[in-house]
Amino acid sequence: MDHKQKALDYFSQKLHCSQSVLGAYAEECGITEEQAMKLGSCFGGGMRKGEVCGAVSGALMVLGLLYGQKKAGDTDGRQNSNKVNDLMMDRFKEKCGSYICNDLLGCDITTEEGHQYCVDNKLFTEFCPKMVAAAVDVIEEIISEQKE
């Protein structure tokens, strides 16, 4: 099963977008599925505040685990993690129009009305999976470029 399908399968099980993206890459990142689920559990819905999309946060966790700074003084790691971070954020925004959850959904999910709007319009079940898929697509692009 490819990463995108794995992430979408996790999301269909009512896991957060952040958990779904990170979980799809757990093995490559050297963490267990349980660790991925726990680590990603507080980032869904833009950290429940409509901020940075949880799928993007999950993607940044993946990229950090794969390419992040390993210790103090690791300037190459720092530069590379900054680079992949910027690539992720910029490309996701280019593909999706924003990386801010409330902007993507077109409402303030921290309000009862905003949450109900998402439920009524099936955004959590029909729109959010597209954001999970887009995040995985960008991760795959970045991983491919890092190998070059």
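Using the numbering used here, the first residue of the sequence shown is number 1, and each one after it goes up by one.
Built from N, CA and C at the ideal position, the CB exists for glycine as well.
Everything numeric in this text was worked out from a predicted model, so none of it was measured.
Cβ pair residue i, residue j closer than 8 Å
i: CYS96; j: ILE109; result: no
i: GLN19; j: GLY44; result: yes
i: CYS53; j: TYR10; result: no
i: LEU87; j: ILE143; result: no
i: VAL56; j: TYR25; result: no
i: LEU66; j: CYS29; result: yes
For residue i, the three-state DSSP class (helix, strand or coil)
i: ILE143; result: helix
i: GLN69; result: coil
i: GLU113; result: helix
i: SER12; result: helix
i: GLU126; result: helix
Spatial distance of residue i from residue j (CA atoms)
i: LEU15; j: ALA72; result: 34 Å
i: ASN85; j: ASN121; result: 31 Å
i: ASP74; j: ASN82; result: 12 Å
i: ASP2; j: LEU123; result: 24 Å
i: MET37; j: GLU145; result: 27 Å
i: SER12; j: HIS115; result: 19 Å
i: LEU104; j: GLN35; result: 28 Å
i: LYS147; j: GLU112; result: 45 Å
i: GLY50; j: GLU27; result: 29 Å
i: ASN80; j: GLU126; result: 34 Å
i: MET89; j: GLY46; result: 14 Å
i: LEU8; j: GLU33; result: 15 Å
i: VAL119; j: ARG48; result: 15 Å
Beta-carbon separation (whole angstroms), residue i vs residue j, contact threshold 8 Å
i: TYR117; j: CYS128; result: Not quite, the Cβ-Cβ distance comes to about 13 Å (not below 8 Å), so this is no contact.
i: ALA133; j: ALA59; result: No, ALA133 and ALA59 are not in contact; Cβ-Cβ is about 11 Å, not under 8 Å.
i: GLY40; j: GLY23; result: 7 Å
i: GLY64; j: LYS70; result: 11 Å between Cβ atoms; not a contact.
i: PHE92; j: VAL138; result: 5 Å
Those residues which DSSP pairs with residue i across a bridge
i: VAL52; result: ILE100
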